[in-house]
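Engineer: Got a structure here, written out as structure tokens. Questions coming.
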Amino acid sequence: MPVNEARSLERDQVESDLTFAGFAVFNCPIRSDSGAVLQELEQSSHDLVMITGDQALTACHVAGQVHICSKPVLILTRTKTGGFEWVSPDETDRAPYSAEEVAVVSESHDLCISGDCFDMLQRTDAVIQVIPYVKVFARVAPEQKELVLTTFKTVGRVTLMCGDGTNDVGALKQAHVGIALLNAEPVQKSDTKSQASKPENKQGKLKKARPSQEGSSQLTQPANSSARASSSRPLTAAERQRERLQKMMDEMNEESDGRSAPIVKLGDASMASPFTAKHASVAPTLDIIRQGRSTLVTTLQMFKILGLNCLATAYVLSVMYLDGVKLGDVQATISGVFTAAFFLFISHARPLQTLSAERPHPNIFCAYVFLSILGQFAMHLFFLISAVNEATKYMPEECIEPDSEFHPNLVNTVSYMVNMMIQVATFAVNYMGHPFNQSITENKPFKYALYAAVAFFTVITSDMFRDLNDYMKLEPLPEGMRGKLMLWAILMFCGCYGWERILRWAFPGKMPAWEKRQKQAIANLEKKHE
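Heads up: the sequence shown at position 431 corresponds to 431 in the UniProt record's numbering, and the numbers run straight through without jumps.
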């Protein structure tokens, strides 16, 4: 196909399979909104790949328009002698083909191969060496789409594919995440305009029709009477449910402002995919990645918070329990209410609309999580032991049995206050907001809960309302100890906050390294041939 003819094609008329890497693949019509969606994916550290059944020149032109190709393009074509070479779309730039040099060529060019090249790659065992570096696949058969996805997975790429046809079923099943895009057909609704467009009957015709209408009305009287008789009987549960559903559908149609509702026809693509979109647009990929990142970040911070709370509670209930340190019923209840509110409001954090180029940590068992928990727990433990030791200086010499009933004293009071301060600091420090979720200031319920906890503990520490402290069975703190406790709490929070920020800077989320996996796959393939 001539270059000018390819460039004259509209983007909305081209069907393609697209892959973005973190990694992902799309097989869907290229719509007017695809360019903005794919650009945001590319800016959020994802690699984009197009798989299409169209000609190579058409595919390369569209790929450049939707930000899949940003460098000069080279197409792998067959030469007259039976070999293969890289050729630019305008045939002004040529380069010899070598499977070993594909990685070098891809650094300065975006590569495109067509379906007739797959046989050569399979014969020469160059599939793993070439396919991971290709940006556009043209004239691809269904089994070749599946081969592309399996190759990406073999070299360690995490793939997401969008497809809208039966020929995408194999590739959708091979992808880590599959999205079926459906073409919705509008419902043809009859409205008042169509009724008004009918010609009005003349007056004479209406008069002639009256006898027949009267006769028909007489004939229908028995039927109406039988209908009234049947309507007098109580409706069954199935009939009541059917009426409710019909009423809901009528209300939805009325709220649609006269626009036709789409009819979604499920097909093979939707059966092979865990996700199904109602429209043929790649925009749902943004929602899936956005929600996936938010869920991953929320899960990670939940595990960190639970780990730190469990460590602090375990120390209080084991080591300090032997020294007679206990919590009262009211104290434990208030502590539990604050903890439950914090967990509830943390889970309500919404993901940001814009995808970030940064990546969240993919798993819990990593250096960042272990160092963060150990460092913060060390500061919590130091704060707790120091505060309890300071309180013992004001305590009379007495022997407290571990199994004795709870009696309020200064050590119990300080232990409770410090433990709650540690819990509040743990939630505030380990909350993960930008660039994935709302920040603390944007998550207003969580922000107000933190403010309420800080105000509450400031009140009980300063002994502002003695009746409240008596109800909670808290002993008054000595004058010199109040200031120390508040200062130590601030230093503990600042230390934990600084430690967490240093670790986030030192251990950022990274793109999965796939080149090493590719080399291992090539080595394993060579061993099999030997």
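Idealized CB from N, CA, C, for every residue including glycine.
All figures in this text were calculated on a predicted structure; none of them were measured in a lab.
I'd like to check one pair, K516 with S328: are the Cβ atoms closer than 9 Å?
Structural biologist: The count along the sequence shown starts at 1 and reaches residue 328 at position 328. The count along the sequence shown starts at 1 and reaches residue 516 at position 516. According to the sequence shown, residue 328 is Gly rather than Ser. No.
Engineer: Quick check: what's the CA-CA separation for G156 versus V297?
Structural biologist: Mapped onto the sequence shown, residue 156 falls at position 156. Mapped onto the sequence shown, residue 297 falls at position 297. Going from the Cα of G156 to the Cα of V297 covers about 22 Å.
Engineer: Report the rounded CA-to-CA distance for P132 versus Q438, giving the unit in angstroms.
Structural biologist: Position 132 of the sequence shown, counted from the first residue, corresponds to residue 132. Position 438 of the sequence shown, counted from the first residue, corresponds to residue 438. Distance between the alpha carbons of P132 and Q438: 35 Å.
Engineer: Quick check on DSSP: helix, strand or coil for V297?
Structural biologist: Counting from one through the sequence shown, the residue named residue 297 turns up at place 297. Three-state DSSP puts V297 in a helix.
Engineer: Is it true that the CB of E42 sits closer than 9 Å to the CB of I68?
Structural biologist: In the sequence shown, residue 68 corresponds to position 68, counting from 1. In the sequence shown, residue 42 corresponds to position 42, counting from 1. Closer than 9 Å, so yes.
Engineer: Alpha carbon to alpha carbon, what distance is there between L57 and V49?
Structural biologist: Position 49 of the sequence shown, counted from the first residue, corresponds to residue 49. Position 57 of the sequence shown, counted from the first residue, corresponds to residue 57. In a straight line, the C-alpha of V49 is about 15 Å away from that of L57.
Engineer: Please state the DSSP three-state secondary structure of C366.
Structural biologist: By one-based count along the sequence shown, residue 366 stands at place 366. The answer is coil: DSSP assigns C366 none of H, G, I, E or B.
Engineer: Which of helix, strand or coil does DSSP assign to S356?
Structural biologist: Looking up residue 356 in the sequence shown gives position 356. In this structure, S356 counts as coil in the three-state DSSP scheme.
Engineer: Consult DSSP for G509 and reduce its assignment to one of helix, strand or coil.
Structural biologist: Translated into the one-based positions of the sequence shown, residue 509 becomes position 509. Reduced to three states, the DSSP call for G509 is strand.
Engineer: For the pair the region 374-393 and the region 410-424, tell me if three or more CB-CB distances fall below 8 Å.
Structural biologist: Output reads yes: the region 410-424 touches the region 374-393.
Engineer: Under DSSP, the beta strand (DSSP E) around G336 begins and ends at which residues?
Structural biologist: Translated into the one-based positions of the sequence shown, residue 336 becomes position 336. From DSSP, G336 is part of no beta strand (DSSP E) but of the alpha helix (DSSP H) over D329 to I346.
Engineer: Could you tell me the alpha carbon to alpha carbon distance between D467 and A455, rounded to whole angstroms?
Structural biologist: Within the sequence shown, the letter at position 467 stands for residue 467. Within the sequence shown, the letter at position 455 stands for residue 455. Roughly 17 Å between the two C-alpha positions.
Engineer: Take K71 as the anchor and find which of Y368, A340, F342 and V136 has the nearest alpha-carbon.
Structural biologist: Within the sequence shown, the letter at position 71 stands for residue 71. If we check each option's Cα against that of K71, V136 comes out closest.
Engineer: Between which two residues does the alpha helix (DSSP H) carrying K527 extend?
Structural biologist: Locating residue 527 in the sequence shown gives position 527, counting from the first residue. Where K527 is concerned, the enclosing alpha helix (DSSP H) stretches over E515 to H529.
Engineer: Tell me, to the nearest whole angstrom, how far the beta carbon of A269 is from that of T166; I am working on the premise that it is less than 8 Å.
Structural biologist: Taking the first residue of the sequence shown as 1, we reach residue 269 at position 269. Taking the first residue of the sequence shown as 1, we reach residue 166 at position 166. Contact flag correct, Cβ pair sits at about 7 Å.
Engineer: When the Cα atoms are used, what is the spatial distance from I351 to M492?
Structural biologist: Along the sequence shown, one-based indexing puts residue 351 at 351. Along the sequence shown, one-based indexing puts residue 492 at 492. Strictly speaking, residue 351 in this sequence is Pro, with Ile absent from that position. The alpha-carbon atoms of P351 and M492 are separated by roughly 29 Å.
Engineer: Could you please give me the residues that DSSP links to S114 through a beta bridge?
Structural biologist: As a position in the sequence shown, residue 114 is number 114, starting the count at 1. A138.
Engineer: Consult DSSP for A455 and reduce its assignment to one of helix, strand or coil.
Structural biologist: In the sequence shown, the residue the question calls residue 455 occupies position 455. A455 falls in the helix class under three-state DSSP.
Engineer: Judging by CA-CA distance, which residue of T124, T276 and Y97 is the nearest neighbour of A180?
Structural biologist: Here residue 180 refers to the residue found at position 180 when the sequence shown is read from its first residue. Measuring from the Cα of A180, the nearest candidate turns out to be T276.
Engineer: Exposed or buried, G170, counting other C-beta atoms within 10 Å across all chains shown (16 or more means buried)?
Structural biologist: As a first step, residue 170 must be located in the sequence shown, where it is residue number 170. Buried is the call here.
Engineer: Going by DSSP in three states, E85 sits in which element: helix, strand or coil?
Structural biologist: Translated into the one-based positions of the sequence shown, residue 85 becomes position 85. The answer is strand: DSSP assigns E85 an E or B state.
Engineer: Please say whether A521 and I422 have beta carbons closer to each other than 9 Å?
Structural biologist: For the purposes of this step, residue 422 is taken as the residue at position 422 of the sequence shown. For the purposes of this step, residue 521 is taken as the residue at position 521 of the sequence shown. Not a contact, by the Cβ cut-off of 9 Å.
Engineer: Would you kindly work out how many angstroms separate the C-alpha atoms of W499 and Q376, rounded to a whole number?
Structural biologist: Locating residue 499 in the sequence shown gives position 499, counting from the first residue. Locating residue 376 in the sequence shown gives position 376, counting from the first residue. Straight-line Cα distance between these residues: approximately 8 Å.
Engineer: Name, in chain order, the residues that DSSP records as bridge partners for G480.
Structural biologist: The residue labelled residue 480 in the question sits at position 480 within the sequence shown. The partner list for G480 (beta bridge, DSSP) is empty, contrary to what the question assumes.
Engineer: The beta strand (DSSP E) that contains F275, what's its start and end?
Structural biologist: Walking along the sequence shown from the start, residue 275 turns up at place 275. Taken as a continuous stretch (DSSP letters only), the beta strand (DSSP E) holding F275 covers F275 to A277.
Engineer: Considering only the beta carbon of each residue, do L74 and D110 sit closer than 9 Å?
Structural biologist: Stepping through the sequence shown from its first residue, residue 74 is reached at position 74. Stepping through the sequence shown from its first residue, residue 110 is reached at position 110. Their beta carbons are under 9 Å apart, which means L74 touches D110 by this criterion.
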